[in-house]
DNA sequence: CTAGAATCATTCTAATTGCAATCATTCGAG
DNA sequence: CTCGAATGATTGCAATTAGAATGATTCTAG
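Residue numbers (the numbering used here), protein chains in the order written: chain A, 1 to 145; chain B, 1 to 145.
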């Protein structure tokens, strides 16, 4: 029973499979965030933003961490600010930049979200060592931006 | 100089970093497809669809490979069909399903696209062995859907 | 056999996202 | 110093995407 279809050469095929897996896992993680964030009254990108807000940072830095355009980060920050989880402070030493700072309510919400995200994580099937290997390989591929 | 911010516990932090890397690489691959597909007059998702159309398949299968909703796969298939790269054939043995089949022009375009995608791939920094390791780890994490 | 659940594709609508343009501020060459 | 380029954030708009509802077909328990 030979394969009728598929590429002749193995390399593009392996590449395609790998791309599909990476995209699939990204979507899977996104779905995981979506479900947990929803229980806290947040959208998916609000959840991602909260996850990435490890401390005061500029809007551009948040956008980079979220791998999205700054305009979207502005949009998400607006919503978080409206809900009282985030404040825009003047950036010390750079008047065009703004520093995004979580309010106490935002900090508390973030901790709750992190706990939810850590439970039943899509990455749980991998051991710590495997996760480290994965991180090392991904970091090698993603260096150039 | 201790870190003022960041989570106390190392595990959620490692998890967050890993999620960011996966998402970042997915976006990087998407951008790569976007640029190459544009040179062929295709959008990003048209490029992804063409990459995944390894042979005749159902619309649902295409959606799964693209990790998107079937409604979007319908949209993309419409565009590819309008441009003469794709045809919807009746599915043998299942009258509700349709079989997506590339036209000769579509097959030729796909081969050109694959060549473009393989050049300067974001995954190129990794050796074949590393790509295999990556694929194995990702497959372990993405099994459950 | 048959009725209800499930599946496949499509449509419609709303939400999300990317992209180009703009304004304010900062940087850097000369 | 100063002027043009670069940077940070925002806005408006267009394109993409997800999600729910619909119609047609298939599956399955009884």
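Glycine included, each C-beta is placed from N, C-alpha and C at the ideal position.
Assigned secondary structure, residue i (DSSP; H/G/I helix, E/B strand, else coil)
i: residue 58 (chain B); result: strand
i: residue 91 (chain A); result: coil
i: residue 3 (chain B); result: Low local confidence applies: a pLDDT of 43 at residue 3 (chain B) is under 50, so the model's placement there is unreliable, with the coordinate-based value given in what follows. Here residue 3 (chain B) sits in coil by DSSP.
i: residue 11 (chain A); result: helix
i: residue 145 (chain A); result: Residue placement at residue 145 (chain A) cannot be trusted, given a pLDDT of 49 that sits under 50; what the coordinates show is reported in the next sentence. Reduced to three states, the DSSP call for residue 145 (chain A) is coil.
i: residue 112 (chain A); result: helix
i: residue 31 (chain B); result: helix
i: residue 70 (chain B); result: helix
i: residue 41 (chain A); result: coil
i: residue 53 (chain B); result: coil
i: residue 80 (chain B); result: helix
i: residue 128 (chain A); result: helix
i: residue 17 (chain A); result: helix
i: residue 64 (chain A); result: helix
i: residue 123 (chain A); result: coil
i: residue 140 (chain B); result: helix
CB of residue i within 8 Å of CB of residue j, strictly
i: residue 138 (chain A); j: residue 51 (chain A); result: no
i: residue 58 (chain B); j: residue 91 (chain B); result: yes
i: residue 126 (chain A); j: residue 141 (chain B); result: yes
i: residue 100 (chain B); j: residue 116 (chain B); result: no
i: residue 84 (chain A); j: residue 54 (chain A); result: no
i: residue 70 (chain A); j: residue 63 (chain A); result: yes
i: residue 16 (chain B); j: residue 20 (chain A); result: no
i: residue 133 (chain A); j: residue 39 (chain B); result: no
Beta-ladder partner(s) of residue i, from DSSP
i: residue 101 (chain A); result: A:87
Terminal residues of the alpha helix (DSSP H) in which residue i lies
i: residue 96 (chain A); result: No alpha helix (DSSP H) holds residue 96 (chain A); DSSP gives it neither H nor E.
Of the residues the options, the one placed nearest residue i, counting alpha carbons only
i: residue 123 (chain A); options: A:60, A:32, A:45, A:68; result: A:32
i: residue 43 (chain B); options: B:25, B:80, B:134, B:111; result: B:80
i: residue 14 (chain A); options: B:135, B:86, B:49, B:140; result: B:135
i: residue 118 (chain B); options: B:20, B:16, B:23, B:35; result: B:35
i: residue 67 (chain A); options: B:97, B:26, B:64; result: B:26
i: residue 73 (chain B); options: B:47, B:12, B:106, B:39; result: B:47
i: residue 45 (chain B); options: A:40, A:23, A:38, A:49; result: A:23
i: residue 75 (chain A); options: A:65, A:97, A:49, A:96; result: A:49
i: residue 106 (chain A); options: A:12, A:11, A:41; result: A:41
i: residue 12 (chain A); options: B:121, B:130, B:129; result: B:121
i: residue 109 (chain B); options: B:128, B:94, B:93, B:37; result: B:37
i: residue 96 (chain B); options: B:29, B:60, B:10; result: B:60
i: residue 77 (chain A); options: A:93, A:94, A:98; result: A:98
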